[in-house]
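J.: Line by line, the protein sequences are chains Y and A.
Each residue of the first sequence is one higher than the one before, counting from 1 in full-length UniProt numbering.
Each residue of the second sequence is one higher than the one before, counting from 1 in full-length UniProt numbering.
By construction, the Cβ of each residue, glycine as well, lies at the ideal position given by its N, Cα and C atoms.
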Amino acid sequence: MSFRFNPESFRDNSFNEEIRAKLTKALNSSSGSSTPTMVETASSEKGAVQGAKMAAVSNSGSLGAATDSESTMRSRKLDILKSDIIVSKVNFPTMPKLEILDLDISAQPRSLVKGICKISCMDAMLQIQTEIEGNLLLVYSEYSPEFTTPTLNCKGSFTIPITMVFSGVQLEAITNIFVKNSGIGISFNDVNLDFDFNCSIKILQSTIEKRLKKSMQSLFKDVLPKVIFNMSQSLFTAETGSSRPTEAASGDEEAYSSSTAPKVILEETDMQELSAANMLRLSTLISSRQTLSLQATVLNVPSTIPGCLERQNLHRFNSRIPSLSNYYAAYKDPERHAALMKRTSSTLAIHPPSSLRSENLLPERVLQENAYDLKTIASIQSRIFDRGADDNVRPRRRKLTLKRKKKSKEEVPTEAPDSGISSGTDTFVGSPEPTTPVAEDANQPTTETSSIPANTMLSLKLPTSIRPNYLTRLERTLLPLETGREKATASINPLEEPGFSPYRPELHRLHSSLYSPLSRHGSMLISSKELSEPKQLLDPKGLNLLCLNRHARKWGNEEEPPPYQI
Amino acid sequence: MLDYMESVSRAFEQSTGWSRDNSYANITATSKALLDFKIPTAFEFQVSNATTPYTFNTTRVSTRNIFNGSLTYLYSDADNLKDMVRGSGAVSLQQVTETYRYFQPFYNHKSAPSNGDRLVRKSLYYGRMYYPTSNLEAMMIKRLTPYTQVKLKCLSTFNEFNILTCHWQRDTGRNCQELIFSTNDLLCGYRFLHNFLGTPSKMKTSLYNNSSLSLGTELWLGLITLSPGCSTTLRYCTHAPNTGRPLTLTLSWNPFFGNLSSSYSAKTSTSTTFCAKYDFNLYSIDSNLSFGVEVWRRGSTNQQHEPPTSQSINKTDNLMYHHLLPTLSQSSSHGHGQTKMEHEQQLLQDLTTAFSTSLKRIDREKFEIENFQNDYSCANFTSVWKLSTSLRDKNLKVLWEGKFKGFLVSAGGEFFKSSPLLDNRSRTPLYPARFGVQLQYST
Numbered sequence: 001m002s003f004r005f006n007p008e009s010f011r012d013n014s015f016n017e018e019i020r021a022k023l024t025k026a027l028n029s030s031s032g033s034s035t036p037t038m039v040e041t042a043s044s045e046k047g048a049v050q051g052a053k054m055a056a057v058s059n060s061g062s063l064g065a066a067t068d069s070e071s072t073m074r075s076r077k078l079d080i081l082k083s084d085i086i087v088s089k090v091n092f093p094t095m096p097k098l099e100i101l102d103l104d105i106s107a108q109p110r111s112l113v114k115g116i117c118k119i120s121c122m123d124a125m126l127q128i129q130t131e132i133e134g135n136l137l138l139v140y141s142e143y144s145p146e147f148t149t150p151t152l153n154c155k156g157s158f159t160i161p162i163t164m165v166f167s168g169v170q171l172e173a174i175t176n177i178f179v180k181n182s183g184i185g186i187s188f189n190d191v192n193l194d195f196d197f198n199c200s201i202k203i204l205q206s207t208i209e210k211r212l213k214k215s216m217q218s219l220f221k222d223v224l225p226k227v228i229f230n231m232s233q234s235l236f237t238a239e240t241g242s243s244r245p246t247e248a249a250s251g252d253e254e255a256y257s258s259s260t261a262p263k264v265i266l267e268e269t270d271m272q273e274l275s276a277a278n279m280l281r282l283s284t285l286i287s288s289r290q291t292l293s294l295q296a297t298v299l300n301v302p303s304t305i306p307g308c309l310e311r312q313n314l315h316r317f318n319s320r321i322p323s324l325s326n327y328y329a330a331y332k333d334p335e336r337h338a339a340l341m342k343r344t345s346s347t348l349a350i351h352p353p354s355s356l357r358s359e360n361l362l363p364e365r366v367l368q369e370n371a372y373d374l375k376t377i378a379s380i381q382s383r384i385f386d387r388g389a390d391d392n393v394r395p396r397r398r399k400l401t402l403k404r405k406k407k408s409k410e411e412v413p414t415e416a417p418d419s420g421i422s423s424g425t426d427t428f429v430g431s432p433e434p435t436t437p438v439a440e441d442a443n444q445p446t447t448e449t450s451s452i453p454a455n456t457m458l459s460l461k462l463p464t465s466i467r468p469n470y471l472t473r474l475e476r477t478l479l480p481l482e483t484g485r486e487k488a489t490a491s492i493n494p495l496e497e498p499g500f501s502p503y504r505p506e507l508h509r510l511h512s513s514l515y516s517p518l519s520r521h522g523s524m525l526i527s528s529k530e531l532s533e534p535k536q537l538l539d540p541k542g543l544n545l546l547c548l549n550r551h552a553r554k555w556g557n558e559e560e561p562p563p564y565q566i
Numbered sequence: 001m002l003d004y005m006e007s008v009s010r011a012f013e014q015s016t017g018w019s020r021d022n023s024y025a026n027i028t029a030t031s032k033a034l035l036d037f038k039i040p041t042a043f044e045f046q047v048s049n050a051t052t053p054y055t056f057n058t059t060r061v062s063t064r065n066i067f068n069g070s071l072t073y074l075y076s077d078a079d080n081l082k083d084m085v086r087g088s089g090a091v092s093l094q095q096v097t098e099t100y101r102y103f104q105p106f107y108n109h110k111s112a113p114s115n116g117d118r119l120v121r122k123s124l125y126y127g128r129m130y131y132p133t134s135n136l137e138a139m140m141i142k143r144l145t146p147y148t149q150v151k152l153k154c155l156s157t158f159n160e161f162n163i164l165t166c167h168w169q170r171d172t173g174r175n176c177q178e179l180i181f182s183t184n185d186l187l188c189g190y191r192f193l194h195n196f197l198g199t200p201s202k203m204k205t206s207l208y209n210n211s212s213l214s215l216g217t218e219l220w221l222g223l224i225t226l227s228p229g230c231s232t233t234l235r236y237c238t239h240a241p242n243t244g245r246p247l248t249l250t251l252s253w254n255p256f257f258g259n260l261s262s263s264y265s266a267k268t269s270t271s272t273t274f275c276a277k278y279d280f281n282l283y284s285i286d287s288n289l290s291f292g293v294e295v296w297r298r299g300s301t302n303q304q305h306e307p308p309t310s311q312s313i314n315k316t317d318n319l320m321y322h323h324l325l326p327t328l329s330q331s332s333s334h335g336h337g338q339t340k341m342e343h344e345q346q347l348l349q350d351l352t353t354a355f356s357t358s359l360k361r362i363d364r365e366k367f368e369i370e371n372f373q374n375d376y377s378c379a380n381f382t383s384v385w386k387l388s389t390s391l392r393d394k395n396l397k398v399l400w401e402g403k404f405k406g407f408l409v410s411a412g413g414e415f416f417k418s419s420p421l422l423d424n425r426s427r428t429p430l431y432p433a434r435f436g437v438q439l440q441y442s443t
C-alpha cells in the first residue's frame with residue numbers, strides 16, 4: 001500500500017477553482033430545505049477543511065455527494081433563501097500542511113490503515129453570496145398552516161442580497177484517520193479554527209457569528225466525519241463496479257494524466273490504487289498473518305490452531321525465550337544497539353528475519369564485568385537443548401575439567417556456544433525494544449512503511465466472551481499432550497511450559513502484554529455486524545487505534561486511547 | 001371554487017348580517033380572486049349535505065402521493081341557513097366562485113341587524129378531522145352584539161404543533177376594527193378600515209351615490225421572531241356612469257419594505273372580468289405586472305333577461321318623474337290664458353326641465369347599475385374560465401370551474417415558461433408545475 005501527497009495540486013489556481021465549483025454545486029443542492037446561515041457556514045468551513053483533507057489522504061471526491069447527507073439531516077425550516085447560493089471567491093494561498101504523527105497499516109483486520117494526522121490550513125478565504133427574503137411575515141405566512149393563519153395583506157416580497165466573507169481562515173486539527181474496506185473514518189480531536197467573518201448586512205453580523213460558533217462544535221463532531229465517510233464510501237463502492245472495464249486502459253491513462261495537467265485530487269487512475277478489491281486483498285493478507293486473533297468462528301485459519309503464534313509477535317516471543325542474550329539483556333551495549341536499530345530500520349526490507357533472530361550469545365559486557373553465573377547458564381543451555389533438540393541428536397558438550405570436584409558440571413564456554421561461533425560477531429540482535437525514528441514528514445513514506453514490520457507490536461482485540469473459554473480449552477487440550485510428549489508440547493507452546501521457573505514471571509508478562517487488550521479494552525470491541533454499518537465507524541466503540549511506534553504502543557498496551565470526540 | 005363549508009359559513013355571515021367585504025382582510029379580495037386564485041393540486045372529491053337545518057357535514061377524499069381525506073361537521077343556530085345553502089345542482093355558479101366582489105356602500109348592508117336583537121348571539125361551530133394525519137381543525141364564530149363578533153380557530157396536531165388564533169371584530173359600518181392574536185409565533189395584529197363617502201345624502205334623489213372610498217391599515221408583530229409588518233390600502237369602488245359596470249381600484253403601500261401595489265379590476269360585461277395589478281418596490285426597484293381575466297359562459301335556458309335598451313329607460317323615466325309633471329300639465333290643460341299664470345308656468349317649466357335632465361341622468365345611471373347587477377346575479381352561468389399571468393414569475397394559471405351534471409367541478413393548472421430544473425430542454429414553451437381536479441357534490 002502506498003499513498004501519494006501531491007503538492008503540485010495546490011500550486012496553481014485550479015485547486016481553488018475546483019473547490020469553488022464543488023462548493024457552489026453542493027450548497028445549491030442542499031439549499032432547498034435549510035437555513036442559509038447554518039448551511040453556508042457549515043459548508044464553507046467544510047470546504048476549508050475539505051481542502052486540507054484532500055491534501056491529507058490525497059483521497060477525496062465530490063463535495064456534492066457529501067452535502068447531500070447534510071440536507072437530509074436538517075429538518076425542514078423556514079426557507080428565506082430567494083436565490084441560489086453562489087460561492088464567488090475561494091482562495092487557498094498557502095498549501096495545506098499535513099503532518100502524519102502516527103501511522104499503522106497492519107494493526108487490525110477491520111481497518112486497513114490507522115493514523116493520526118495534524119492538518120493545518122492557513123489564510124484561506126471564502127466569499128458567499130445569496131439573496132434572502134426580507135419580509136419575514138411573508139415567510140411566516142407561507143410556512144404556517146393556512147387554516148389558522150390570518151390573512152395578511154402586507155405580503156410584498158423584498159429580497160436583500162447578502163455577501164458573507166470568511167477571511168483568514170486558520171485551521172489546525174488533529175485527526176484520527178481510519179481507512180476501512182467501506183470507507184474512511186475521521187474523528188477530529190483537537191480543532192483550532194479561527195476566521196474573520198464579514199457580512200454585508202452589519203446588523204446581522206453579530207448574530208450570524210454567534211450562530212456560527214455554536215454550530216462549529218456539531219460541524220466537527222458530526223457533520224464533517226459523516227460527510228467524509230459518506231463521500232469516501234461512495235467512492236469506494238463506485239470503484240468496485242467501475243474498476244474492471246477501466247483496468248485495461250488504466251496504464252495509458254495513468255501515463256497520460258501524470259504527464260499532462262496536474263491533478264487536483266484523486267482521479268480515476270489514482271483511485272484504482274485504493275480500490276476496494278485491493279484493499280480487501282490487503283486486509284485478508286494482513287489478517288492471515290495475524291494468527292493469534294482468536295476468531296473462534298472461522299475454522300482452518302492459523303489463528304484457530306492452538307499455540308500458533310503470530311509472525312508479528314515472533315520477535316517478542318524470541319525476546320522472552322530462554323537464551324543467554326535475553327537473560328543478560330541488561331548488559332547490552334546501548335549505543336551499539338541504537339546504531340544497530342538504526343541500521344535495521346533502513347535496511348530492514350532486505351533481511352528482516354536475520355536481524356531479528358536472537359542469537360544465543362552472551363553479551364560482551366557480561367564477560368568483561370564477570371557477572372555471569374555458571375549455574376544459570378548451564379540451566380539455560382540445557383533447557384534450550386531439551387526444548388529444541390531431537391532425541392537422537394546428542395548434545396555437543398565441551399567438557400572442561402577445571403577442578404576435580406566439578407567434574408560433572410556442564411559448562412558453557414565464555415566465548416560462545418558452538419552454534420553461535422560460526423554465525424558471527426553480532427551479539428546484540430534481538431532486543432525486545434523496538435524503537436523507530438518516527439517519520440515526522442509525509443515526504444518520507446518509504447522509510448516509514450519499511451520500518452513498520454520491524455516494530456510491529458500487535459495487540460489483539462478479542463471478543464471478551466471468547467477469551468476465557470478459549471484459554472481453558474487450550475490448557476485442557478494441551479494437558480494430555482504434555483504428559484505424553486513433553487518435548488513436543490514444549491516446543492509448540494513454550495508459554496505453557498510449567499517447569500521453567502526463572503522465566504515464569506517473564507512468561508506471565510508476555511502473556512499479559514499479548515492479551516492485555518482483552519482485559520483492558522474489552523468494552524471497545526465491536527462485533528462484525530456493527531462494523532458493517534457505516535455509522536458505526538464513527539461510533540466511539542469502534543475507535544481503537546493501536547499503532548506501531550512508541551506513541552501508539554503506549555496507547556495500545558498500557559493506556560486507554562485518548563478520548564475520541566465523537 | 002368555494003368549499004361547501006366555506007359557503008355555509010358565508011351564508012351564516014349573510015344570515016346574521018355581517019358584511020364580509022367591510023373588513024381590511026378582504027379589501028383586496030377582488031384582485032386576489034382574479035389573480036391569485038387557488039388551483040387544486042390533487043384529485044379531490046367532496047360529498048356534502050345538510051343533515052338537519054342546523055348541521056352540515058362533508059366527507060372529502062383526495063389523492064396526491066398518498067390517499068388522505070377529512071371529515072367535517074358544522075353546527076350553527078342561525079335562522080334560515082338551510083334556505084341559503086343550496087345543493088350543488090341548484091346553486092348558482094357565481095355564488096360558489098371567488099370572483100369580483102360587489103361592494104355596497106355601507107348604508108345598504110346595515111339594514112338587516114337593525115331590526116332587533118333577534119339575530120344577535122348566533123354562533124357557528126365547525127370541526128374537521130384529517131386522516132391519516134389526525135390533525136384537527138376547529139372553528140367557532142360567535143356574534144356577541146350587533147356590531148361585534150368573535151372568531152376562534154384552532155389547529156391541533158400530534159407533533160406538538162397546536163395553534164390557536166383569535167379574532168375579535170367590530171364592524172359599525174363606517175369603521176371596522178379587528179384584533180388578532182395567534183399562538184403561532186405569538187403573532188399580534190390590528191386591522192382597521194374606515195369608509196369615506198358612505199353617508200347617504202340628505203335628499204336621496206338629489207345624488208345617487210354609488211361609489212365608496214375606504215381606507216384601511218394593518219399592523220402585525222410576531223413576538224418571538226420580532227418580525228413586524230404593516231400595510232395600508234386605499235380602495236375605491238364605483239360604477240361606470242354610462243354602462244353601470246362596476247370597477248374597483250386599490251392602492252396598497254407597505255412602508256417597511258417599500259412595496260407599492262395598485263390594482264384595477266373591472267367587470268367589462270356581465271360575463272367578463274378583467275384585472276390588472278402593478279407592483280413596485282421603492283427600495284429594490286423591483287416591479288411586477290399581473291393580468292387576470294374571467295370569462296363566464298351562460299347556460300342556454302335562461303335567456304329571458306334582455307339587455308336593457310334606451311327605449312325602456314325613457315319610458316320608465318317618464319313614469320318615474322310623473323309626479324313632478326302632473327300639476328304642470330293639468331294647469332296647462334286648464335289654460336285660463338292669464339299672463340301671470342303663464343309666466344309662473346313658464347318659470348316652473350324651465351325649472352323642471354332644468355332639473356329633469358340631471359334627475360333623468362341620475363335615475364338612468366341607477367337603473368343601469370341595478371339592471372346590470374340583476375342581470376349578473378340572475379344569470380345562469382354554467383362555467384367560467386379563469387386565467388392569470390405575471391410578468392416577473394413568467395407563469396400562467398388556468399382554472400376552469402363549472403357545473404357538470406349536478407357536480408361542481410374545478411380543474412386547473414399552473415404553467416411556467418421554462419422549468420427550473422430542466423433548463424436545457426426548452427422545446428416546450430410551458431412547463432406544468434401543478435394541476436388538479438376537484439369534484440363537489442352536495443344536497
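Compute the distance between the beta-carbons of A:T51 and A:M5, then report whether it is under 8 Å.
T.: Contact: no.
J.: May I ask you to list, following chain order, the residues of the segment 213 to 234 of chain A that have a beta carbon less than 7 Å from some beta carbon of chain Y?
T.: E218, W220, G222, T225, S227, G229, C230, S231, T233
J.: If you run the structure through DSSP and keep just helix, strand and coil, what is A:T273?
T.: strand
J.: Tell me the rounded alpha-carbon separation between A:L136 and Y:T149.
T.: 15 Å
J.: Are there 16 or more other CB atoms within 10 angstroms of the CB of A:T99, so buried, or fewer, so exposed?
T.: buried
J.: From the DSSP secondary-structure annotation, give me the bridge partner or partners of Y:K213.
T.: Y:K213 pairs with nothing; no bridge assigned.
J.: Would you please state the rounded distance, in angstroms, between the beta carbons of residue 568 of chain Y and Y:M125? I believe it to be under 8 Å.
T.: No answer is possible for residue 568 of chain Y: the residues shown for chain Y start at 1 and end at 566.
J.: With distance defined between alpha-carbon atoms, name the residue in Y:P96, Y:N326, Y:N28, Y:D84 nearest to Y:N6.
T.: Y:P96
J.: Pull up the distance between the alpha-carbon of Y:S9 and that of Y:Q170, whole angstroms please.
T.: When rounded, the distance between both Cα atoms is 20 Å.
J.: Whole angstroms is fine: what's the gap from A:P432's alpha carbon to A:D77's?
T.: 45 Å
J.: Go ahead and label A:R64 buried or exposed: buried means 16 or more other beta carbons lie within 10 angstroms of its beta carbon, across all protein chains shown.
T.: exposed
J.: Tell me the DSSP secondary structure of A:K394 in three-state form.
T.: If DSSP states are grouped into helix, strand and coil, A:K394 belongs with coil.
J.: Among all the DSSP beta bridges, which residues are the ones paired with Y:N91?
T.: The partner list for Y:N91 (beta bridge, DSSP) reads Y:M125.
J.: Among residues of its own chain, excluding the 5 on either side of A:L249, which ones have a beta-carbon nearer than 6 Å to its beta-carbon?
T.: Y236, Y264
J.: Return the CA-CA distance between residue 447 of chain A and A:G222, expressed in angstroms with no decimal places.
T.: Past the edges of chain A, shown from 1 to 443, lies residue 447 of chain A, and the structure says nothing about it.
J.: Could you check whether the Cβ of Y:L152 sits closer than 8 Å to any Cβ belonging to chain A?
T.: yes
J.: Looking at the C-beta of Y:N443, does it have a partner C-beta in chain A at a distance below 8 Å?
T.: Confidence in Y:N443 is poor, its pLDDT being 44 and thus under 50, which makes the residue's placement unreliable; the coordinate value appears in the next sentence. Chain A contact via Cβ: absent.
J.: Listing by chain order, which chain A residues have their CB less than 9 Å from the CB of Y:P145?
T.: Within chain A, the residues near Y:P145 are N135, E137, L155, T157, F161, I163, N184.
J.: Under a Cβ-count criterion, where at least 16 other Cβ atoms within 10 Å of its own Cβ denotes burial, should A:D185 be classed as buried or exposed?
T.: buried
J.: Which class does Y:V366 belong to by DSSP, given the choice of helix, strand or coil?
T.: helix
J.: For Y:G185, count neighbouring C-beta atoms within 10 Å of its own C-beta (all shown protein chains included) and say buried if the count is 16 or more, exposed if not.
T.: buried
J.: Note the first and the last residue of the continuous beta strand (DSSP E) segment covering A:M140.
T.: Membership of A:M140 in the beta strand (DSSP E) is indicated by the continuous run 136 to 143.
J.: Among the residues of its own chain, which have a CB less than 8 Å from the CB of A:R245, if the five just before and after it don't count?
T.: H239, A266, K267, T268, S269, F372
J.: Would you call the segment 87 to 95 of chain A and the segment 396 to 410 of chain A touching, i.e. three or more CB-CB distances under 8 Å?
T.: yes
J.: Quick one: is Y:F92 near chain A, going by C-beta distance under 8 Å?
T.: Chain A, which has no Cβ nearer than 8 Å to the Cβ of Y:F92, makes this no.
J.: For Y:L204, tell me which candidate among Y:L23, Y:I321, Y:I132, Y:D386 has the shortest Cα-Cα distance.
T.: Measuring from the Cα of Y:L204, the nearest candidate turns out to be Y:I132.
J.: Flag this pair as touching only if the segment 280 to 290 of chain A and the segment 373 to 387 of chain A have three or more C-beta atom pairs under 8 Å; answer yes or no.
T.: no
J.: Between which two residues does the alpha helix (DSSP H) containing A:Q345 stretch?
T.: 339 to 378
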